[in-house]
Amino acid sequence: MNISKRKFIQGSLYSGVIAVLGKATLLQSAFAEYPTAAFDETEYEPALKGLIGDAEMQEGNVTINVPDIAENGATVPIKVSTDLDNVEWISILGDKNPRPWISRFYFHGKSKPFVSTRIKLRESSNVVAIVKADGKLYISKSAVKVTAGGCV
Amino acid sequence: MAEEMKVRAKVNNEITTVKAIMYHTMESGSRKDKETGELIPAHFIKEVKAELNGEMIISADWGTGVSKNPYWSFEFEGGKPGDVVKITWTDNKGETGTGEATIK
Numbered sequence: 014m015n016i017s018k019r020k021f022i023q024g025s026l027y028s029g030v031i032a033v034l035g036k037a038t039l040l041q042s043a044f045a046e047y048p049t050a051a052f053d054e055t056e057y058e059p060a061l062k063g064l065i066g067d068a069e070m071q072e073g074n075v076t077i078n079v080p081d082i083a084e085n086g087a088t089v090p091i092k093v094s095t096d097l098d099n100v101e102w103i104s105i106l107g108d109k110n111p112r113p114w115i116s117r118f119y120f121h122g123k124s125k126p127f128v129s130t131r132i133k134l135r136e137s138s139n140v141v142a143i144v145k146a147d148g149k150l151y152i153s154k155s156a157v158k159v160t161a162g163g164c165v
Numbered sequence: 785m786a787e788e789m790k791v792r793a794k795v796n797n798e799i800t801t802v803k804a805i806m807y808h809t810m811e812s813g814s815r816k817d818k819e820t821g822e823l824i825p826a827h828f829i830k831e832v833k834a835e836l837n838g839e840m841i842i843s844a845d846w847g848t849g850v851s852k853n854p855y856w857s858f859e860f861e862g863g864k865p866g867d868v869v870k871i872t873w874t875d876n877k878g879e880t881g882t883g884e885a886t887i888k
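Those protein sequence lines, which keep their order, are chains A and B.
Note that the first sequence ends on residue 165 in our numbering; no numbers are left out.
Note that the second sequence ends on residue 888 in our numbering; no numbers are left out.
Here's what the structure looks like:
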């Protein structure tokens, strides 16, 4: 009885600490620094590492809407959304671009975790979308065939 | 002064959809001038923010992979007709541009 009570108290203390940490992380990301480490890289893997470090990612929970075939790589429409809650940000990359990291959107207040934009793709590539929600990372990819490369 | 941005905002079923086009060259820095053969310096929007009645809704960091004359659409809850959505960008040269829309 005593032990379980102590465990309960410990547990609630820990969750209190985690809640505070979680809030600090959210505040920090609301005023996040420009991801220079990702922007500077000219290959996909280092750019990805520049964005998220060595953090683990789960596949799925992210919907990418892009054309299968893009006639003009200079302007490829893309929509990214997720059904996850507490989304901090959505980031978009193109794995064959001269600078693979493209953009990151931060969600505040009552914004929906959705973005619609247009990106440049140098050649046929995988478009990659990464979502950070509740401190966890999720990734989806979608292949786009580019018939005329964008001037990137 | 040239027009910097077109913004539209419309509320439907309590969700406001904003659509914006920002007039900017989004020069990547890796293209060469066809006549001189020299690289054209990078000139691109780096940071964008969207506010509802002065309160931040969405912000973004962009690289050179965002298309010329960037298009950006987003959605949020809590907007009412008459509220003002304001978008502001800052590019890598420190220039800024703004656009506003009243929610319909």
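For each residue, glycine too, the CB sits at the ideal point set by N, CA and C.
Do you know offhand how far Leu-64/A's Cα is from Gly-813/B's? 21 angstroms
Roughly how far, in whole angstroms, is the beta-carbon of Ser-116/A from the beta-carbon of Val-850/B, given that I think they are within contact range, below 8 angstroms? 6 angstroms
Contact set between Gly-122/A and chain B, taken where Cβ atoms lie within less than 8 angstroms: Near Gly-122/A (Cβ distances below 8 angstroms), the residues of chain B are Leu-836, Glu-839, Met-840, Ile-841, Phe-860 and Gly-862.
Nearest-angstrom Cα separation, counted from Leu-97/A out to Lys-154/A: 17 angstroms
To the nearest angstrom, report how far apart Lys-92/A and Asp-81/A are at their CA atoms. For the pair Lys-92/A and Asp-81/A, the Cα-to-Cα distance works out to about 13 angstroms.
Which word fits Ala-844/B, buried or exposed, when buried means at least 16 other C-beta atoms lie within 10 angstroms of its C-beta? buried
Per DSSP, which residues does Glu-54/A bridge with? Please list them. Looking at the DSSP assignment, Glu-54/A forms no beta bridge with any residue, so it has no partner.
At the level of alpha carbons, what is the spacing between Lys-864/B and Ala-60/A? 40 angstroms
In the DSSP assignment, find the unbroken beta strand (DSSP E) run with Ser-155/A in it and report its ends. Residues 149-159.
May I ask you to report which of helix, strand or coil DSSP gives Leu-97/A? In the three-state DSSP reduction, Leu-97/A falls in the coil class, being neither helix nor strand.
Status (buried if at least 16 other CB within 10 Å, exposed otherwise) for Leu-823/B: exposed
Is it right to say Ala-834/B is buried, meaning 16 or more other beta carbons lie within 10 angstroms of its own, or is it exposed? buried
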